[in-house]
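Q:
In our numbering, the protein residues as written are 236 to 338.
#1: Taking only heavy atoms of the ligand HEM into account, decide whether any of them is closer than 8 angstroms to the Cβ of residue 263.
#2: Can you tell me whether DSSP reads residue 243 as helix, strand or coil?
#3: On a CA-only basis, which of 243, 272, 270 and 309 is nearest residue 258? Give me that one, please.
#4: Mapping DSSP to helix, strand and coil, what is residue 269?
#5: Should residue 268 go down as buried or exposed, given a rule of 16 or more other Cβ atoms within 10 Å for buried?
#6: Could you tell me the alpha carbon to alpha carbon distance between residue 289 and residue 265, rounded to whole angstroms?
#7: Starting from the C-beta of residue 270, find all residues in its chain whose C-beta is less than 8 angstroms away, skip the five residues before and the five after it, and write them out in chain order.
#8: By the 10 Å Cβ neighbour count, where 16 or more other Cβ atoms means buried, how is residue 242 classified, buried or exposed?
#9: Looking only at C-alpha atoms, which of 304, 306, 301 and 277 sits nearest to residue 286?
And the structure:
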């Protein structure tokens with residue numbers, strides 16, 4: 236496997252938010268305080284690096300709730316490893332965001 240380039244602070248924030256259970260771009264924007272023009276390009280870059288995967292939610296669920304479909308993001312195993320390495324280097328990264336409630 237080729238080495239992953241150094242991750243930006245934005246990338247680390249996004250990986251940490253995903254690790255804490257935030258799955259949608261809007262949720263990540265809210266918890267990090269970063270704008271959509273920062274979050275979505277970061278998610279695309281992380282997906283290109285195979286640190287994150289994404290999938291669209293079912294159309295039926297979105298229609299039932301009267302909104303557009305959302306894209307779910309999830310850490311890959313490599314993404315989890317990169318995050319662990321970053322947390323080892325920068326201890327505060329692991330405490331940036333509260334764990335997402337699943338209720």
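The beta-carbon is built from N, C-alpha and C at its ideal position, and this holds for glycine as well.
Computed from a prediction, not measured in an experiment: that's the story for all the values here.
A: For this structure:
#1: This structure simply doesn't include the ligand HEM, nor any ligand for that matter.
#2: Within the chain shown, numbered from 1, the residue matching residue 243 stands at position 8. Annotated three-state conformation of residue 243 is coil, per DSSP.
#3: Here residue 258 refers to the residue found at position 23 when the chain shown is read from its first residue. The residue among 243, 272, 270 and 309 with its C-alpha nearest the C-alpha of residue 258 is 309.
#4: What you label residue 269 is simply residue 34 of the chain shown in a count that begins at 1. In the three-state DSSP reduction, residue 269 falls in the coil class, being neither helix nor strand.
#5: In the chain shown, residue 268 corresponds to position 33, counting from 1. Looking at its Cβ environment, which holds fewer than 16 other Cβ atoms inside 10 Å, residue 268 is exposed.
#6: Your numbering for residue 289 matches position 54 in the chain shown. Your numbering for residue 265 matches position 30 in the chain shown. Cα to Cα, the separation comes out at about 19 angstroms.
#7: One-based indexing of the chain shown puts residue 270 at position 35. Residues 264 of the same chain have their beta carbon placed closer than 8 angstroms to that of residue 270, with the five preceding and five following residues left out of the count.
#8: Taking the first residue of the chain shown as 1, we reach residue 242 at position 7. Buried is the call here.
#9: Within the chain shown, the letter at position 51 stands for residue 286. Closest in C-alpha terms to residue 286, from the list 304, 306, 301 and 277, comes 277.
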